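So that you can map any letter, position 410 of the sequence shown is 409 in numbering that gives the first Met the number 0, and since no number is skipped, the others follow by simple counting.
First up is the structure itself, then whatever we jot down about it.
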Amino acid sequence: MKKNIIISLLAGLLILTSCEDFLDLAPIDEIGSNGFYKNTEEVEAGVISIYDGLQAVVMNEFALTEMRSDNTKTKNSEGDWAQFEDMNVSPTNATVSEYWSLNYNVVFRANVVLQNLDAVSDEAKRNQFEGEAKFARALAHFNLVRAFGDVPIIDKVIGPEDKDYFSRRPADDVYQFIIADLTDAASKLPGKDEIAFGRATKGAAYALLAKVYLTVKDYGKANDAINEVLKEGYALEANYNDVFYNEMNDEIIFAIQYIPDNTEDSEIFSYNFTWKGRASGLNYPTDDLLNSLEAGDLRQSTLFYWEPLAGSSGRFECGKFRASSSNEELGGNDWIVLRLADVYLMQAEAIMGAATATSDATAIEAVNKVRRRAGLPEIVGSLTKDQLLKERRIELAFENHRLYDLIRFGVADQVMEAFSNTTEASFEYNSNKLLLPVPQREINLYDGLTQNPGY
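Structure follows, in structure tokens:
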């Protein structure tokens, strides 16, 4: 598997080299900002450190998203991991605390870059670095506000004396901050063919901006952002399996990269999705998800992998992101954050808006592009919200979209209440639990932080 970004330690600096090399970010997180960012190369090293931070963010994100929906569960319901599938997460849950701090670490790295842009003499490079930093800062805040609701907005490098920054800000304010960052990033970032794969692009900024606008129900602006993405030359892979196993393909808008068999830059989520992983297996498909596919859906073999050693008689595991490395705990699978199929389904959502159905030809064709690849009959005449939500569930399963889709579509209470009453789930649903608890560790440290209701 090829990578397009390489960073290596040389005389205390991190240097970007050719597009044929691997991503090696090992030393980045040990570099501070004091006296370091004096020229373009050093600022670029700071930019690359942002991507290193994103590697850590998504490692366990599946637990907070997929496992808190009707999509996935643990194999044996063990320990803190079982809290996610039961939607009963403790404020002291280590994974939740880590997710909070890792996202704010990305924000810090982005703010360090933004603080030192004056060291970059070339205007095009300075604009690119600013766009990359603001894209990542927006992505981290988007992760946080969807997971926790009201959260602190950190728009600069802060210290202990900046106590006002530690208070939670209303979610609406956070979304407006995200929109401003992404709008500016989109105006400064290059197109997908003008920068190394794995770095933020104009298309990535617009795609994320579209999802933010959908979240705040500004459907017109969401559609405008989607139209900008569609100008960028992305294309659906002919084969669904190739999206995940033919990496760096033209469907990918933004992915977080890893290296196989590398102790610093490999990933472990693909290992944890198997019977050998943590708690004897995480992110296992629920029966509810397994039974939701239509007959003849060509995505099935990619979505679900039959493991004869899982359980007493074998079980289905997540079929995406299967590690191919010699050491299963050092996988190199890239994590896909944004891809074109998601954008097509968002296009239908934006056109449908607040309605429950649409007969708009563009919306229907957007969904049919995804269905045709799956070998399924086309939708004719009218597209309903339920059809669109189901298509998103199957197409994007295991990619950390399901819970937020349910919330955005306004059906989270309905769907999760029904699922909680099945014999497979059997937990007591509480709508307060759609938000995660603010980590108790953070509340203990900062007086301005309060806990979410129900915790």
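Backbone N, C-alpha and C define an ideal beta-carbon position, used for all residues, glycine too.
Here the structure is a predicted model, which is why all the values come from computation and not from measurement.
Proximal residues to residue i (C-beta, below 8 Å), its chain only, five neighbours per side dropped
i	result
Gly374	Gly295, Asp296 and Leu297
Ala62	Trp80, Phe83, Thr94, Leu281 and Asn282
Leu308	Trp274
Asp260	Ser324, Ser325, Asn326, Leu329 and Gly331
Val42	Tyr36, Val112, Asn115, Leu116, Ala118, Val119 and Phe128
Ala237	Arg372
Gly453	Asn429, Asn431 and Lys432
6 Å CB neighbourhood of residue i in its chain, flanking five on each side removed
i	result
Gln439	Pro90 and Thr91
Gly130	Ala184, Lys187 and Leu188
Asn59	Thr94
Ala86	Per the sequence presented here, residue 86 reads as Met, with Ala not at that position. For Met86, where only same-chain residues beyond five positions count, the Cβ hits under 6 Å are Arg67 and Lys432.
Asn222	Ala349
Asn110	Lys155 and Val156
Val215	Tyr174
Ala204	Phe134, Leu181, Ala184, Ala185 and Leu188
Asp404	Arg391
Ser279	Lys74 and Asn75
Leu402	Thr64, Arg67 and Ser68
Spatial distance of residue i from residue j (CA atoms)
i	j	result
Val342	Ala396	15 Å
Asn245	Met345	24 Å
Glu227	Gly202	7 Å
Pro169	Glu423	36 Å
Gly232	Val242	16 Å
Gly318	Trp334	14 Å
Lys275	Gly352	43 Å
Phe21	Ile258	Unreliable placement is indicated for Phe21, whose pLDDT of 31 sits below 50; the coordinate value is still reported in the next sentence. When rounded, the distance between both Cα atoms is 7 Å.
Phe408	Asp117	43 Å
Ala206	Leu337	7 Å
Phe320	Glu160	43 Å
Asn332	Leu53	14 Å
Asn126	Ala360	38 Å
Glu122	Val112	15 Å
Lys210	Ile153	21 Å
Glu293	Ser166	47 Å
Asp69	Glu40	46 Å
Phe253	Arg145	19 Å
Phe426	Ala417	10 Å
Leu208	Ala137	9 Å
Tyr164	Tyr270	38 Å
Leu235	Ala340	7 Å
Tyr174	Asn102	16 Å
Arg108	Lys124	18 Å
Ser96	Asn443	12 Å
Val105	Lys74	31 Å
Glu250	Lys191	11 Å
Ala135	Asn142	10 Å
Ile255	Asp51	9 Å
Ile27	Ala44	Below a pLDDT of 50, predicted positions are generally treated as unreliable, and Ile27, at 41, falls in that range; no measurement from the model is reported.
Val484	Pro376	The structure shown has nothing for residue 484, since the chain only spans 0 to 454.
Ala57	Ile378	First, the amino acid is wrong: residue 57 is Val here, not Ala. If you take the alpha carbons of Val57 and Ile378, they lie about 34 Å apart.
Residues that DSSP places opposite residue i in a beta bridge
i	result
Glu266	Gly330
Tyr283	Lys72
Ile255	Trp334
Thr383	Ala356
Val150	Arg168
Other residues of its chain near residue i: CB distance less than 7 Å, five sequence neighbours each side excluded
i	result
Gly358	Checking the sequence, you will find Ser at residue 358 rather than Gly. Contacts found: Gly380 and Ser381.
Glu441	Trp99 and Leu448
Tyr212	Lys220, Ala221 and Ala224
Buried or exposed (CB count within 10 angstroms, at least 16 for buried), residue i
i	result
Trp80	buried
Asp171	exposed
Asp264	buried
Trp305	exposed
Gly330	buried
Ala354	exposed
Ser48	buried
Ala139	buried
Thr262	exposed
Ala199	buried
Glu77	exposed
Gly313	exposed
Arg455	No answer is possible for residue 455: it lies beyond the span of the chain, which begins at 0 and ends at 454.
Glu398	buried
Asp23	Confidence is the limiting factor: at Asp23 the pLDDT is only 45, short of 50, which leaves the residue's position unreliable and the question unanswerable from this model.
Leu288	buried
Glu193	exposed
Contact test: residue i Cβ vs the ligand MN heavy atom, cutoff 7 Å
i	result
Glu231	You won't find the ligand MN in this model; it holds no ligand whatsoever.
Uninterrupted alpha helix (DSSP H) stretches inside the region 300-375 (no shorter than 4 residues)
339-351 and 360-372
Of all the alpha helix (DSSP H) runs that stay within the bounds of the region 37-100, which reach a length of 4 or more residues?
39-56, 60-64 and 81-84
Which runs of the alpha helix (DSSP H) at least 4 residues long sit entirely within the region 160-246? Give them in chain order.
170-187, 201-214, 218-229 and 239-244
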